[in-house]
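Asker: Here it is, the structure, as structure tokens.
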Amino acid sequence: MIKLIEQIISGISYGSLYALLAIGYTMVYGVLRMINFAHGDIFMMSAYFAFFGMTTFALPWYLAFIVTIVLTGLLGVITEKVAYKPLRNADKNSVLISAIGGSFLLSNLATYLFSGRPKNFPDIPFLTKMLPINEQLSVQVISLFIPMMTLVALFVLTYIVNKTKMGMAMRSTSQDYETASVMGVNINNIFSWTFALGSALASIGGMMWAVKYPGLTPTMGVMVGLKCFIAAVIGGIGNITGAVIGGFI
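Each step along the sequence shown adds one to the number in my numbering, with nothing skipped, and position 65 is 65.
This is the structure we're talking about:
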């Protein structure tokens, strides 16, 4: 019974991480009708941003996490401007090649800048300590913290999409971006904001992953990104609720 409970908690923790990244995939596809194959590498870069924020700049972990979310959002915007915007009206094969090229670029850039040797993410006692549930069962705090962060992120994202002008513009752009542009929506800003939000979600997942599995490598986002892309497809890519369900599946 104890083993079953441990596996359920572990599954919820994993599913929450995968859901965060799957939402990023599905948001970009829902608005731009493009797949951001660099999403897993943005996830990886966020872990390195947090690592250097806590080590090189000696920031408290919570401040390093906030700075990382901002930096990763900016990285998402840069990715959109460099790899996607010039090919917005090109054929899908060209966009696909550019997306994969962006992924390789980030992965190799990380190898060049940070080396290919694994780096140990700093221990955060508050998140890595064991929380006793009863005499036989103890749970690592991070395993409970991850689903909580996922719920908060989903709440904020839902509010933005459904209750703000930007969210309304995102929804109209996803339905027909040419008509939205004619109606006065700045689609360039909407595309950038979509990448920024998706990348910010990936950064939360990247930092939580680094705390739970502290070995950082430039290729750490490859398999995670692939699994989350599959999760997004299973849930019906373009559907945020489906992406969450796909993450847990």
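For glycine and all other residues, C-beta sits at the position ideal for the given N, C-alpha and C.
Using the Cβ count rule (16 or more neighbours within 10 Å means buried), how would you classify PHE121?
Answerer: buried
Asker: Once you ignore the five residues that flank SER16 on each side, which residues in its own chain have a CB closer than 6 Å to its CB?
Answerer: ILE146, PRO147 and THR150
Asker: Rounding to the nearest angstrom, what Cα-Cα distance links ALA169 and GLU6 in this structure?
Answerer: 43 Å
Asker: Whose C-alpha, out of ALA19, GLY238, LEU154 and GLY184, is nearest the C-alpha of LYS165?
Answerer: GLY184
Asker: I need the DSSP call for GLY73, collapsed to helix, strand or coil.
Answerer: Here GLY73 sits in helix by DSSP.
Asker: According to DSSP, is GLY120 helix, strand or coil?
Answerer: In the sequence on display, residue 120 carries Asn and not Gly. For ASN120, the three-state secondary structure derived from DSSP is strand.
Asker: Is it true that the region 83–98 meets the region 199–218, where meeting means three or more beta-carbon pairs spaced less than 8 Å apart?
Answerer: no
Asker: When you compare the CB positions of ILE200 and THR72, do they come within less than 8 Å of one another, or not?
Answerer: Note that residue 200 corresponds to Ala in the displayed sequence, not to Ile. Cβ distance < 8 Å, so ALA200 and THR72 count as in contact.
Asker: By Cβ distance, which residues of its chain are closer than 6 Å to SER98, with the 5 residues on each side in sequence left out?
Answerer: Within its own chain, the residues whose Cβ lies closer than 6 Å to the Cβ of SER98, once the five positions on either side in sequence are excluded, are ALA83 and LEU87, listed in chain order.
Asker: To the nearest angstrom, how far is it from the Cα of MET34 to the Cα of LEU144?
Answerer: Spanning the two alpha carbons is a distance of roughly 33 Å.
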